[in-house]
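Chains as they are written, first to last, in our numbering: chain A, 1 to 114; chain B, 115 to 604; chain C, 605 to 787; chain D, 788 to 936. To start, the structure under review is shown below, and the notes come after it.
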Amino acid sequence: MTVYLLCFALLLVGLYGLLVKRDMIRIIIASGIMGYASNLLLILFAYKRGGLYPILEKSKAVGERVMVDPLPQALVLTSIVIELGITAMLVALAIRLFEKNKTFDITKIKRLSG
Amino acid sequence: MILPFFIIIPLLAAFLIALISGDRDYWAIIVSVLAMISLAVLALFAFITIGGKTIVYEMGAWKIPYAICLAVDAFSAFMLVIISVIGLTSLMFSIFYIKHRSPSWKYYALFMLLVTGMNGVVVTGDLFNLFVFMEIALFAAYALVSYGSHAEEFEAAFKYAIMGSISSTLVLVGIAVVYSATSTLTMALIAERLPQNSAVMFWSGGLFLAAFGLKAAIMPFHAWLPDAHSSAPAPISSMLSGVLIKSLGVYVLIRLFYNIYGAPPVFLTIFRVLGSISIIIASFLAIGQWDLKRLLAYSSISQVGFILLGIGIGTRWAILGAVFHILNHAIFKALLFYNAGTVEMVLGTRDLRKMGNLTRILPYTTTTSMVATFSVAGIPPFNGFFSKLIIIIAAIAAGHPVYGGIAIVGSLLTLVYFMKVQRYGFHGEKVVEMEDVKIGWGMRTAMIILAVLCLATSILVVPGIRETTLDPVVNAIMDKTGYIARVMGR
Amino acid sequence: MPVETWLIFILSFMLIGSVAALEMKDLLSAIIAIGVVGLGVSMAFLLLQAPDLAIVQFLFEIFSVVIMVRAFIKRDYHHQTTPSNQIGKTILVIAALGAIFIFSINVFKALPPFGEPLMTTAQYYLDNCAKETGAANIVSSIVLDYRGYDTLGEVTVLFGAILGALTILRIKPGAKPDEEEKS
Amino acid sequence: MKQEPGLTIIAKTVTRISVWLIILYGIYIILHGHLSPGGGFAGGVVIALAFLNVMLTFGHETVTRWLNIDFLHDLEPACGAMYLAVGILGIAVSGSFLANFLNKGTLFNLVSSGNILVLNIIIGIKVAMGLFTVVWALALFRFDDGGEK
Numbered sequence: 001m002t003v004y005l006l007c008f009a010l011l012l013v014g015l016y017g018l019l020v021k022r023d024m025i026r027i028i029i030a031s032g033i034m035g036y037a038s039n040l041l042l043i044l045f046a047y048k049r050g051g052l053y054p055i056l057e058k059s060k061a062v063g064e065r066v067m068v069d070p071l072p073q074a075l076v077l078t079s080i081v082i083e084l085g086i087t088a089m090l091v092a093l094a095i096r097l098f099e100k101n102k103t104f105d106i107t108k109i110k111r112l113s114g
Numbered sequence: 115m116i117l118p119f120f121i122i123i124p125l126l127a128a129f130l131i132a133l134i135s136g137d138r139d140y141w142a143i144i145v146s147v148l149a150m151i152s153l154a155v156l157a158l159f160a161f162i163t164i165g166g167k168t169i170v171y172e173m174g175a176w177k178i179p180y181a182i183c184l185a186v187d188a189f190s191a192f193m194l195v196i197i198s199v200i201g202l203t204s205l206m207f208s209i210f211y212i213k214h215r216s217p218s219w220k221y222y223a224l225f226m227l228l229v230t231g232m233n234g235v236v237v238t239g240d241l242f243n244l245f246v247f248m249e250i251a252l253f254a255a256y257a258l259v260s261y262g263s264h265a266e267e268f269e270a271a272f273k274y275a276i277m278g279s280i281s282s283t284l285v286l287v288g289i290a291v292v293y294s295a296t297s298t299l300t301m302a303l304i305a306e307r308l309p310q311n312s313a314v315m316f317w318s319g320g321l322f323l324a325a326f327g328l329k330a331a332i333m334p335f336h337a338w339l340p341d342a343h344s345s346a347p348a349p350i351s352s353m354l355s356g357v358l359i360k361s362l363g364v365y366v367l368i369r370l371f372y373n374i375y376g377a378p379p380v381f382l383t384i385f386r387v388l389g390s391i392s393i394i395i396a397s398f399l400a401i402g403q404w405d406l407k408r409l410l411a412y413s414s415i416s417q418v419g420f421i422l423l424g425i426g427i428g429t430r431w432a433i434l435g436a437v438f439h440i441l442n443h444a445i446f447k448a449l450l451f452y453n454a455g456t457v458e459m460v461l462g463t464r465d466l467r468k469m470g471n472l473t474r475i476l477p478y479t480t481t482t483s484m485v486a487t488f489s490v491a492g493i494p495p496f497n498g499f500f501s502k503l504i505i506i507i508a509a510i511a512a513g514h515p516v517y518g519g520i521a522i523v524g525s526l527l528t529l530v531y532f533m534k535v536q537r538y539g540f541h542g543e544k545v546v547e548m549e550d551v552k553i554g555w556g557m558r559t560a561m562i563i564l565a566v567l568c569l570a571t572s573i574l575v576v577p578g579i580r581e582t583t584l585d586p587v588v589n590a591i592m593d594k595t596g597y598i599a600r601v602m603g604r
Numbered sequence: 605m606p607v608e609t610w611l612i613f614i615l616s617f618m619l620i621g622s623v624a625a626l627e628m629k630d631l632l633s634a635i636i637a638i639g640v641v642g643l644g645v646s647m648a649f650l651l652l653q654a655p656d657l658a659i660v661q662f663l664f665e666i667f668s669v670v671i672m673v674r675a676f677i678k679r680d681y682h683h684q685t686t687p688s689n690q691i692g693k694t695i696l697v698i699a700a701l702g703a704i705f706i707f708s709i710n711v712f713k714a715l716p717p718f719g720e721p722l723m724t725t726a727q728y729y730l731d732n733c734a735k736e737t738g739a740a741n742i743v744s745s746i747v748l749d750y751r752g753y754d755t756l757g758e759v760t761v762l763f764g765a766i767l768g769a770l771t772i773l774r775i776k777p778g779a780k781p782d783e784e785e786k787s
Numbered sequence: 788m789k790q791e792p793g794l795t796i797i798a799k800t801v802t803r804i805s806v807w808l809i810i811l812y813g814i815y816i817i818l819h820g821h822l823s824p825g826g827g828f829a830g831g832v833v834i835a836l837a838f839l840n841v842m843l844t845f846g847h848e849t850v851t852r853w854l855n856i857d858f859l860h861d862l863e864p865a866c867g868a869m870y871l872a873v874g875i876l877g878i879a880v881s882g883s884f885l886a887n888f889l890n891k892g893t894l895f896n897l898v899s900s901g902n903i904l905v906l907n908i909i910i911g912i913k914v915a916m917g918l919f920t921v922v923w924a925l926a927l928f929r930f931d932d933g934g935e936k
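The structure is reproduced here in structure tokens:
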């Protein structure tokens, strides 16, 4: 319960950064923080008390050990890669924008109205 | 067993385009046109044969709660048809339009990825898989919005990407909470296991509403849309406005809130209120615009408001109107963006004040834009009239005369700002001359096809035809228990 | 110590780190701070018995920090202080997010408590993975076999991201000049 | 120091040796993805980081001279197409998209678990080439527009 709330607070910190910050690098960082928080939340939901990593070992039979939920781990693997993709894309857009406008401040580059 | 091919064909086309095209892009054109034609044929086939059934396909030969399943019912097939028809015309338009801008195989590869993502979202029956394919479509959309390499296009794409990443994260958190509460990702099982009227349901519903509302550009979440849709190349604008906001936004909202959450009244009220806000405010914003593509983008927000209003009223007729308006809006908005693209290409401007009498130099564009204007403004016998009429009548019949009034006012406002487009943009007094460009036959054909469709789709509401086309879609939406039973094979 | 205590420690550390990354004036420090937060996530994955993710997160973190340093660090960067009209907006946003946080407490209470997942679907994978797929790593078998279609999507996302980045970064040979620059 | 791009001779010598070890480690992680933590994604990033290491040490002009960049670019969609082809073979062989149709082998053997090993290798190559392409494009872009002016 406490860990869930802390993790959710991390998500809100990221959201705060996205809504308030005016400079592109901080915005990219904030979107990264949101990504971390959502991934961590999934894995927190998957933890089973006393469970071990979901990898079989030679010395133990299949049903012998308590393991954590493997499905969210598979989902998070996908989502980490997606986040790397979005980071790469945002960085590319940011340096193109920097090249055009010579600033990282999104309030100063407003060519589009509203 | 045609379901996986809705993904395989465009995806294979995207990879092949990246592999075989060199400096010239004709291989890319051939591959993508072939892929889109086969997709259109498949989608039409699926829609005609599906009726009230649900086709379920289990990936990798595993059984349903353990595998990803694809589930196509009449509503999905309906969306597939829209995607492939608009996609095909868009591609025809792009071949000639992009030749004028900056041709590259990357454009076609990204276009196929866009189609892959939207098809994947529409056919899937698994919540996380929906998220993944949504990301594919969005990544392609970000890149395509910035395709022209101008500063404002990068700015629009950056804004869009930021908004998209917020909404994707919210979706992921929603999926996490739903998974924790139900321990499954198959949408039919979630529908079965998620406790009705619980805190988890309302909270995750609110999260999904915000996230997919961002994708659908409902009014408080709309800020990215006018920039992104007006900065993209014209055929991409029509894909984004015509199909993307519907398959990623509206379709998923309907699927989630009707088939999974069982249409909780709280959310229906929110839909009605947000829909009305979108209709009115976006219309006023559109009236103030002089940039043709921005005006069309605001008009998209307003028209999506109509769809949302229909969903929010929630009676049979209202949903029929909403579903029909999804189709109609896709057709006429795509057509209007093609018109805008042609005008921009010919005159080199999007400003309505710099346009003038285009009847002489662009006869096809002017005529088709008249058709689209009548359609969007709701003049009988064009298709837009019927869908709006159905929504308005349904609102009054369901005891919401205020919402009916809002819809009527919204239609009138639509008429006002499109009269402005016609008055200044296409039939102004100013005599303008053509720049030295050639309008390809593909562009004309795309516009004419859609203009004909504007008129032809009106017959879908005729009793007799409606029973086999739109009614199965409405049944699929309204029947939550039936959805669960058919997907689970009970 | 129970795992919760460690997690609370790491999460608080990450919270501080992310606030630092957002508020620090120096760009390099901010990027390093976000890298540290990412490594904290990796540690948390390790504690939560997800070694696969710990590795992937660790490596991807290095990678994204390298990308960001390489892309941004030589640009002339000026930290702008929050203008006075922004402070009102900041307070408003914080208040709204605080309200969301308080509202969400009930939801997290309603979910299964930490350490006791339902695992109705997942137990099947744990029991049958070895004989059905022949892989010892259950996460791997889910990623590439039971949910291989998701991974196809993921591969496509990566392809799309790279294609998109190349499209964004391409320098058009025969580019038409900007409309605005022309007029 | 102007005539030779990249870092000092010490860094270059160390990189010359260590890069092979890093690549070897990446290959190990990819091949043991179905037995131990890791797999195609982790191993692919390790290999991409090895390339990155070379690029940072020797400068990207040298890398462009050494490696056939166009081929590496093409390898990425090729791996995507191969993943898809494995899926389609699944339809042909066992009637379902992405079915695991190869022989499963014995548990804990290196060559076991059918498709998983094949797909891990494909993903490994794809991720390595893809990420390398991104860094290469970013580096090249900075060079071309003269961002340091």
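Note that beta-carbon positions come from the ideal geometry of N, C-alpha and C, so glycine has one too. Model, not experiment: these values are computed from the prediction.
- Interface flag for D:Ser823 against chain C is set, since a Cβ pair is found closer than 9 angstroms.
- In this structure B:Ile427 is in contact with B:Ala509, their Cβ atoms being roughly 6 angstroms apart against a cut-off of 8 angstroms.
- Boundaries of the alpha helix (DSSP H) harbouring B:Val566: Trp555 to Ala570, taken from the DSSP string.
- Secondary structure remark: continuous alpha helix (DSSP H) runs of at least 4 residues inside the region 446 to 492 of chain B, in chain order: 477 to 491.
- Under the 9 angstroms criterion on CB atoms, B:Glu249 is classed as interfacial with respect to chain C.
- For B:Met193, the three-state secondary structure derived from DSSP is helix.
- Shown here, A:Lys48 sits in a strand according to DSSP, grouped into three states.
- In the DSSP assignment, B:Glu172 falls within the beta strand (DSSP E) that extends over Ile169 to Glu172.
- Contacts with chain A at 9 angstroms (Cβ-Cβ) include C:Ile671.
- About 6 angstroms separates the CB atoms of A:Val3 and C:Glu608; that is less than 8 angstroms, so the two are in contact.
- Membership of B:Leu184 in any alpha helix (DSSP H) is not indicated; the residue belongs instead to the beta strand (DSSP E) covering Cys183 to Val186.
- Contact holds between the region 856 to 863 of chain D and the region 905 to 916 of chain D, because three or more Cβ pairs, one in each stretch, are under 8 angstroms apart.
- In the three-state reduction of the DSSP assignment, B:Asp240 falls in the strand class.
- Only those residues of the region 127 to 147 of chain B whose C-beta falls short of 9 angstroms from the nearest C-beta of chain D are listed: Ala128, Phe129, Leu130, Ile131, Ala132 and Leu133.
- Around the CB of D:Thr893, fewer than 16 other CB atoms lie within 10 Å, so the residue is classed as exposed.
- For C:Phe613, no Cβ of chain D is located within less than 9 angstroms of the residue's own Cβ.
- Contact check between the region 616 to 626 of chain C and the region 471 to 479 of chain B: fewer than three CB pairs, one atom from each, fall below 8 angstroms, which does not count as touching.
- At a beta-carbon threshold of 8 angstroms, the residues of chain B lying near A:Pro72 are Ala290 and Tyr293, ordered along the chain.
- The beta-carbon of D:Tyr870 is placed less than 9 angstroms from the nearest beta-carbon of chain C.
- For B:Arg215, there is no enclosing alpha helix (DSSP H), as DSSP gives it neither H nor E.
- For D:Val898, there are no neighbours in chain A by C-beta distance under 7 angstroms, as the nearest C-beta there is about 16 angstroms away.
- Contact of A:Ile109 with chain C is not assigned, every C-beta pair being separated by 9 angstroms or more.
- Relative to B:Ala400, the option among B:Leu529, B:Ala512, B:Ala254 and B:Leu158 whose CA is nearest is B:Leu529.
- A straight-line Cα-Cα distance of about 13 angstroms links A:Thr103 and C:Ile677.
- Interface residue (Cβ-Cβ distance to chain A less than 9 angstroms): B:Glu549 is not classified as such.
- A Cβ-Cβ distance of about 6 angstroms is found for the pair B:Leu358 and B:Met232, placing them in contact under the 8 angstroms criterion.
- Taking C-beta atoms as the reference points, C:Asn689 and B:Ala313 fail to come closer than 9 angstroms.
- A buried status is given to B:Met301, since no fewer than 16 other beta-carbon atoms sit within 10 Å of its beta-carbon.
- With contact defined as three or more Cβ pairs closer than 8 angstroms, the region 447 to 467 of chain B and the region 400 to 416 of chain B are in contact.
- About 5 angstroms separates the CB atoms of C:Leu652 and A:Tyr47; that is less than 8 angstroms, so the two are in contact.
- Between the region 435 to 451 of chain B and the region 486 to 498 of chain B, the count of Cβ pairs shorter than 8 angstroms is three or higher; the stretches touch.
- With a cutoff of 9 angstroms on beta-carbon distance, B:Leu228 and B:Val366 are scored as not near each other.
- Between A:Leu41 and B:Ala290 the beta-carbon gap is near 5 angstroms, inside 8 angstroms, which marks them as a contact.
- Against chain C, a Cβ distance below 7 angstroms from A:Ile29 picks out Ala625, Leu626, Ala634 and Ile638.
- Taken through DSSP and simplified to helix, strand or coil, A:Val81 comes out as helix.
- With contacts defined as CB atoms closer than 9 angstroms, B:Leu194 and B:Ala254 fail to qualify as a contacting pair.
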